[in-house]
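So for the sequence shown, our numbering puts the first residue at 28; every next one is plus one. We treat Cβ as the ideally placed atom computed from N, Cα and C, and that holds for glycine. These numbers were taken from a predicted model, which means no experiment stands behind them. Take a look at the structure below.
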Amino acid sequence: MKDNFEDSIQGIVNFIFEASVLQNTQRSGNVFLGSGKQTVGSHIFRTILIGFLLSKLANADTGKVMQMCLFHDIEETRTGDLNYLQQKYVKSDDRKALENAVDNLPSKDDILELVNEYEALKTIEAKLAKDADTLELLFYLKEELDKGNLQAENWINHAQKRLITDVAKKLLPGLKNTKYYDWWYNLSNEWDKGNKKW
């Protein structure tokens, strides 16, 4: 029993260190987009946040949606982030990478089951998690469009077609019609005065 417990602890510790790789793993599509910089870790964070909000709007299992969002790209600690062009030439064994990454976790079966459900896209939770992933990309692209990258609009026009659920689709007009900085720019009409008295 003690040996098994110690093995589990070491597996958890190693997995946490491995997951930290995503804090520095760059999303590879930016090279082709021509602007921006985003790590897989920051993508996952905002995907989880969007998944939480979508699940509440859809009255779905919030915990499950968030967990799917958490693990949807976890294998990229080992495979890296391959964009669509790269995937035409490089075959990544995502399943093997995922299984190897979680192999020494006591919760590995739960994680694999979550990812299986996510990839099957049959449940509302899986569809919402997938839409959270797509919406995160769309928000990122809108930020780049607002900063002057006109190519981002082409990407938005294609990526928006991936949305599955009505609740995600209803967010799209607001996303498109809002500047990424409106949330702070419109907080006060006094921000241009500054806070210094000299």
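8 Å Cβ shell around residue i - same chain, five flanking residues per side excluded
{"i": "Met-28", "result": "Legend: pLDDT at Met-28 = 40, less than 50; position of this residue unreliable, value from coordinates given subsequently. Nothing listed; no residue qualifies."}
{"i": "Gln-53", "result": "Lys-64, Gln-65, Thr-66, Val-67, Asp-108"}
Length of the line joining the Cα atoms of residue i and residue j
{"i": "Phe-72", "j": "Phe-42", "result": "17 Å"}
{"i": "Ile-75", "j": "Thr-106", "result": "21 Å"}
{"i": "Leu-199", "j": "Gln-37", "result": "43 Å"}
{"i": "Thr-161", "j": "Leu-168", "result": "11 Å"}
{"i": "Phe-98", "j": "Leu-125", "result": "9 Å"}
{"i": "Asn-184", "j": "Pro-133", "result": "42 Å"}
{"i": "Lys-118", "j": "Leu-112", "result": "11 Å"}
{"i": "Phe-59", "j": "Thr-89", "result": "34 Å"}
{"i": "Tyr-145", "j": "Ser-47", "result": "23 Å"}
{"i": "Lys-174", "j": "Lys-197", "result": "24 Å"}
{"i": "Leu-155", "j": "Val-142", "result": "13 Å"}
{"i": "Tyr-208", "j": "Gln-114", "result": "33 Å"}
{"i": "Lys-206", "j": "Lys-135", "result": "41 Å"}
{"i": "Ser-35", "j": "Ala-87", "result": "32 Å"}
Residue span of the alpha helix (DSSP H) that contains residue i, given as start and end
{"i": "Lys-83", "result": "67 to 84"}
{"i": "Leu-60", "result": "57 to 60"}
{"i": "Asn-230", "result": "Residue coverage of the chain in this structure runs from 28 to 225, which leaves residue 230 outside it and unanswerable."}
{"i": "Ala-156", "result": "151 to 173"}
{"i": "Ala-128", "result": "121 to 129"}
{"i": "Asn-143", "result": "135 to 147"}
{"i": "Lys-118", "result": "Counting along the chain, Lys-118 falls outside any alpha helix (DSSP H), and DSSP gives it neither H nor E."}
{"i": "Asn-17", "result": "Since the first and last residues shown for the chain are 28 and 225, residue 17 lies out of range."}
Chain-order list of residues whose beta-carbon lies under 6 Å from that of residue i (same chain, five-residue window excluded)
{"i": "Glu-180", "result": "Leu-172"}
{"i": "Ile-151", "result": "Ala-87"}
Beta bridge counterpart(s) of residue i as assigned by DSSP
{"i": "Gln-53", "result": "Thr-66"}
Nearest candidate by alpha-carbon position, reference residue i, set the options
{"i": "Ala-159", "options": "Ser-69, Asp-34, Ile-77, Val-58", "result": "Ile-77"}
{"i": "Ser-69", "options": "Gly-175, Glu-163, Gln-178", "result": "Glu-163"}
{"i": "Asn-127", "options": "Leu-141, Tyr-116, Glu-103", "result": "Glu-103"}
{"i": "Lys-83", "options": "Asp-34, Leu-190, Val-194, Leu-202", "result": "Val-194"}
{"i": "Ile-39", "options": "Asp-100, Asp-121, Asp-130", "result": "Asp-130"}
Residues near residue i in its chain [Cβ-Cβ closer than 7 Å; skip 5 each side]
{"i": "Leu-165", "result": "Ile-183, Ala-186, Gln-187, Leu-202"}
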